[in-house]
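Working notes, structure below.
There are 2 protein chains.
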Amino acid sequence: MSSSTDAQPARKPRGEYAKTRARKTAILDAALEVFAQSGYRSGSIRDVATLVGISEAGLLHHFPNKVKLLEAVLEHRDDLARSVVPMDAPDGADTLRGLVELAAYNASVPGVVELYCTLSAEATSPDHPAHEYFTRRYADTRSAIANAFRRLADAGRLTIEVDPVRAAISTIALMDGLQVQWLLDRDVVDMAQELADFFGSFVTELRADTEAGSDLAELS
Amino acid sequence: MSSSTDAQPARKPRGEYAKTRARKTAILDAALEVFAQSGYRSGSIRDVATLVGISEAGLLHHFPNKVKLLEAVLEHRDDLARSVVPMDAPDGADTLRGLVELAAYNASVPGVVELYCTLSAEATSPDHPAHEYFTRRYADTRSAIANAFRRLADAGRLTIEVDPVRAAISTIALMDGLQVQWLLDRDVVDMAQELADFFGSFVTELRADTEAGSDLAELS
DNA sequence: GTCTATATGGCGATAGAC
DNA sequence: GTCTATCGCCATATAGAC
Numbered sequence: 001m002s003s004s005t006d007a008q009p010a011r012k013p014r015g016e017y018a019k020t021r022a023r024k025t026a027i028l029d030a031a032l033e034v035f036a037q038s039g040y041r042s043g044s045i046r047d048v049a050t051l052v053g054i055s056e057a058g059l060l061h062h063f064p065n066k067v068k069l070l071e072a073v074l075e076h077r078d079d080l081a082r083s084v085v086p087m088d089a090p091d092g093a094d095t096l097r098g099l100v101e102l103a104a105y106n107a108s109v110p111g112v113v114e115l116y117c118t119l120s121a122e123a124t125s126p127d128h129p130a131h132e133y134f135t136r137r138y139a140d141t142r143s144a145i146a147n148a149f150r151r152l153a154d155a156g157r158l159t160i161e162v163d164p165v166r167a168a169i170s171t172i173a174l175m176d177g178l179q180v181q182w183l184l185d186r187d188v189v190d191m192a193q194e195l196a197d198f199f200g201s202f203v204t205e206l207r208a209d210t211e212a213g214s215d216l217a218e219l220s
Numbered sequence: 001m002s003s004s005t006d007a008q009p010a011r012k013p014r015g016e017y018a019k020t021r022a023r024k025t026a027i028l029d030a031a032l033e034v035f036a037q038s039g040y041r042s043g044s045i046r047d048v049a050t051l052v053g054i055s056e057a058g059l060l061h062h063f064p065n066k067v068k069l070l071e072a073v074l075e076h077r078d079d080l081a082r083s084v085v086p087m088d089a090p091d092g093a094d095t096l097r098g099l100v101e102l103a104a105y106n107a108s109v110p111g112v113v114e115l116y117c118t119l120s121a122e123a124t125s126p127d128h129p130a131h132e133y134f135t136r137r138y139a140d141t142r143s144a145i146a147n148a149f150r151r152l153a154d155a156g157r158l159t160i161e162v163d164p165v166r167a168a169i170s171t172i173a174l175m176d177g178l179q180v181q182w183l184l185d186r187d188v189v190d191m192a193q194e195l196a197d198f199f200g201s202f203v204t205e206l207r208a209d210t211e212a213g214s215d216l217a218e219l220s
């Protein structure tokens, strides 16, 4: 993505590049925190810069403007999520288990959860800079989860007849909605448990295999 | 709530009061639209005033500051929601049906849905002016719906054993999450239908009685 | 009850020194 | 690569005229 190394091939073997990269990830972490707290529109580049300990102009050297910064944060985050959930596993149950694990993991990073809740709501407006991103992201997630349900249905592991796409919609809705309630009152809501129970209500043999996820859940 | 009629009992029978009230509701409607579009933090009093067709100062005559305006909008909206959903009906099924009807009605007022999605996400931050409001509101709604499930369980109308509070949590989560997806892509999601199906998966005899709600759903 | 005018301050972004 | 300084804009809120 970045073009900072395009021109110079192998001259000047200084430690500069590593330093820049460290600074960049520091900025991304800070941006995550600020955007999570205040949303994108109200969160200020100034706050991010202060949190990192540099000036506004210093920050804008690394990310040319606020929108680019947001996009970088979202991409950064998506890489991580993709590593937790095997979205196109041959066994649909693995995907569902991955989602439960993700819910459990999320309970350990409230800042990230806050960012996504706030942003996905904000980005509902068509003129929001992340609107396209979220529209695409939801469509992709929906079809990936629908595929998982389809594979489970083919394997005869669904106890009732369900429309895969609609089951995917409900699954995502449940995950999103649980996050809001969890953020407002963390003692009342166990996101991973509710999600696992939801799956358990129409998928066979998911519960027994999901112990790893349950262990993770106790970290919260 | 308002104190504009407190002092003067019956003197000066002019049309002034009515005019003020009309202006006030016009402001509330505009505020709803602006806050829905941009969220509370980014939505500006200036935009609201412009939309109504008065000046900023003129608006601030009716609502002393931005926070008071937000509170008025939320109260205004809650009155309406309460009139749709019988939260403590003796028959729990009536409450659930009310929720499905509410989901169907919501599909006809995207601005309101947007407001609540954006605000509830924003208000997740403890320092948000509406944080207390949403915390309390979610707790109240949760216990009301839990009561409905409890009554249904007592009447032997639940097909599986469920914890009333957890069922309430999932119900609310589903409703909230469906709203985000619906706002992003209104053709893919039918909020009322998904909610009704969810209830149908463990409540008996809800489907047959809910025709009125289904009719409403087709308005979207 | 509504206006204009203004005080005060935060915002994103740019220019140019080091 | 980071800084200071600054521009131009928009925000909430107040003061005072009409």
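If you read the protein sequences in the order shown, they are chains A and B. Okay, so the first sequence: first residue is 1 according to the numbering used here, each after it adds one. Okay, so the second sequence: first residue is 1 according to the numbering used here, each after it adds one. The beta-carbon is built from N, C-alpha and C at its ideal position, and this holds for glycine as well.
Could you list which residues in chain A have their beta carbon closer than 7 Å to that of glutamate 114 (chain B), in chain order? The residue labelled residue 114 (chain B) in the question sits at position 114 within the second sequence. Near glutamate 114 (chain B) (Cβ distances below 7 Å), the residues of chain A are Thr124.
My parser needs the alpha helix (DSSP H) runs of 4 or more residues fully inside the segment 162-212 of chain A; what are they? 164-184, 191-200
For a contact meaning CB atoms closer than 7 Å, what does alanine 121 (chain B) contact in chain A? Counting from one through the second sequence, the residue named residue 121 (chain B) turns up at place 121. Result: Cys117, Thr118, Ala121, Val180.
Residues in its own chain within less than 6 Å of alanine 167 (chain B) by CB, not counting five upstream and five downstream? To locate residue 167 (chain B), count along the second sequence from 1; it is residue 167. Around alanine 167 (chain B): Phe149.
Chain A contact residues for threonine 135 (chain B), given Cβ-Cβ distances below 9 Å: Taking the second sequence and counting its residues from 1, one reaches residue 135 (chain B) at position 135. Within 9 Å Cβ-Cβ: Leu184, Asp185.
Please tell me whether tyrosine 105 (chain B) has its Cβ less than 7 Å away from any Cβ of chain A. As a position in the second sequence, residue 105 (chain B) is number 105, starting the count at 1. Taking Cβ atoms only, chain A never reaches closer than 7 Å to tyrosine 105 (chain B), which makes this a no.
Are the C-beta of isoleucine 169 (chain A) and some C-beta of chain B separated by less than 7 Å? By 1-based counting over the first sequence, the position of residue 169 (chain A) is 169. Output row for isoleucine 169 (chain A): interface = yes.
Would you mind stating whether valine 85 (chain B) and leucine 99 (chain B) have Cβ atoms separated by less than 7 Å? Your numbering for residue 85 (chain B) matches position 85 in the second sequence. Your numbering for residue 99 (chain B) matches position 99 in the second sequence. Against a cut-off of 7 Å, the Cβ pair of leucine 99 (chain B) and valine 85 (chain B) comes out as a contact.
Using a Cβ-Cβ distance cut-off of 7 Å, determine whether glycine 177 (chain B) contacts chain A. Here residue 177 (chain B) refers to the residue found at position 177 of the second sequence. Answer yes: the Cβ-Cβ gap between glycine 177 (chain B) and chain A drops below 7 Å somewhere.
List the residues of chain B that glutamate 194 (chain A) touches, going by C-beta distances under 8 Å, in chain order. Counted from its first residue, the first sequence places residue 194 (chain A) at position 194. Near glutamate 194 (chain A) (Cβ distances below 8 Å), the residues of chain B are Arg166, Ile169, Ser170, Ala173.
Excluding the five sequence neighbours on either side, which residues of its own chain have a C-beta within less than 8 Å of the C-beta of asparagine 106 (chain B), listed in chain order? The residue labelled residue 106 (chain B) in the question sits at position 106 within the second sequence. Cβ neighbours of asparagine 106 (chain B) beyond the five flanking positions: Val112, Val113, Gln179, Met191.
Report yes or no: is there a C-beta of chain A within less than 7 Å of the C-beta of tyrosine 17 (chain B)? Translated into positions along the second sequence, residue 17 (chain B) becomes position 17. No - not a single Cβ of chain A is within 7 Å of the one on tyrosine 17 (chain B).
List the endpoints of the continuous alpha helix (DSSP H) containing histidine 61 (chain B). If you number the second sequence from 1, residue 61 (chain B) lands on position 61. From DSSP, the alpha helix (DSSP H) with histidine 61 (chain B) extends over 56-62.
At the level of alpha carbons, what is the spacing between alanine 72 (chain B) and histidine 61 (chain B)? Along the second sequence, one-based indexing puts residue 72 (chain B) at 72. Along the second sequence, one-based indexing puts residue 61 (chain B) at 61. Using only the alpha carbons, I get a separation of about 14 Å.
In terms of DSSP beta bridges, what is leucine 158 (chain A) paired with? Counted from its first residue, the first sequence places residue 158 (chain A) at position 158. In DSSP, leucine 158 (chain A) forms a bridge with A:Val203.
Secondary structure at asparagine 65 (chain A), three-state DSSP: helix, strand or coil? Along the first sequence, read from residue 1 onward, the residue named residue 65 (chain A) stands at position 65. In this structure, asparagine 65 (chain A) counts as coil in the three-state DSSP scheme.
Taking Cβ to Cβ, would you say alanine 36 (chain B) is nearer than 7 Å to leucine 115 (chain B)? Counting from one through the second sequence, the residue named residue 36 (chain B) turns up at place 36. Counting from one through the second sequence, the residue named residue 115 (chain B) turns up at place 115. Cβ distance < 7 Å, so alanine 36 (chain B) and leucine 115 (chain B) count as in contact.
Just mark aspartate 176 (chain A) as buried or exposed, buried being the case when its beta carbon has 16 or more other beta carbons within 10 Å. Sequence index remark: in the first sequence, residue 176 (chain A) carries index 176 (1-based). Aspartate 176 (chain A) should be labelled buried.
Threonine 25 (chain B), buried or exposed, once every other Cβ within 10 Å from all chains shown has been counted against 16: Along the second sequence, read from residue 1 onward, the residue named residue 25 (chain B) stands at position 25. That one is exposed.
Skipping 5 residues on each side, what residues in its chain have a beta carbon closer than 7 Å to that of threonine 210 (chain B)? Reading the second sequence from its first residue, position 210 is the one you call residue 210 (chain B). Note that threonine 210 (chain B) has pLDDT 46, beneath the 50 cutoff, so the model's placement of it is unreliable and no number is given.
In terms of residue numbering, what span does the alpha helix (DSSP H) encompassing proline 90 (chain B) cover? The sequence position of residue 90 (chain B) within the second sequence is 90, counting from 1. It is not in any alpha helix (DSSP H) - proline 90 (chain B) carries neither H nor E in the DSSP assignment.
Can you check which of these residues, B:Glu132, B:Val203, B:His76, is closest to aspartate 185 (chain A) by C-alpha distance? By 1-based counting over the first sequence, the position of residue 185 (chain A) is 185. The option with the nearest alpha carbon to aspartate 185 (chain A) is B:Glu132.
Does any C-beta atom of chain A lie closer than 7 Å to the C-beta of threonine 210 (chain B)? As a first step, residue 210 (chain B) must be located in the second sequence, where it is residue number 210. With a pLDDT of 46 at threonine 210 (chain B), under the threshold of 50, the modelled position of that residue is not reliable, and the figure given next carries that caveat. Judged by the 7 Å Cβ criterion, threonine 210 (chain B) is not in contact with chain A.
Below 7 Å between beta carbons: does that hold for methionine 87 (chain A) and alanine 144 (chain A)? Along the first sequence, read from residue 1 onward, the residue named residue 87 (chain A) stands at position 87. Along the first sequence, read from residue 1 onward, the residue named residue 144 (chain A) stands at position 144. Yes, these two residues count as a Cβ contact at 7 Å.
For proline 110 (chain B), three-class secondary structure by DSSP: Sequence index remark: in the second sequence, residue 110 (chain B) carries index 110 (1-based). Helix, per DSSP.
Leaving out five residues on either side along the sequence, give the residues of the same chain with a beta carbon under 6 Å from the beta carbon of alanine 93 (chain A). As a working mapping, residue 93 (chain A) is identified with position 93 in the first sequence. These residues qualify, in order along the chain: Leu206.
Can you confirm whether valine 189 (chain A), when its beta carbon is compared against all beta carbons of chain B, has any partner nearer than 7 Å? As a first step, residue 189 (chain A) is located in the first sequence; it is residue number 189 there, counting from the start. Yes, because at least one Cβ of chain B sits closer than 7 Å to the Cβ of valine 189 (chain A).
By DSSP, does valine 48 (chain A) sit in helix, in strand, or in coil? Counting from 1 along the first sequence, the entry for residue 48 (chain A) is found at position 48. Valine 48 (chain A) falls in the helix class under three-state DSSP.
Straight-line gap, isoleucine 160 (chain B) to proline 129 (chain B) (C-alpha atoms, nearest Å): As a first step, residue 160 (chain B) must be located in the second sequence, where it is residue number 160. As a first step, residue 129 (chain B) must be located in the second sequence, where it is residue number 129. Cα to Cα, the separation comes out at about 40 Å.
Can you pull out the residues from the segment 24-56 of chain B whose beta carbon lies closer than 8 Å to at least one beta carbon of chain A? Gln37, Ser38, Gly39, Arg41, Ser42
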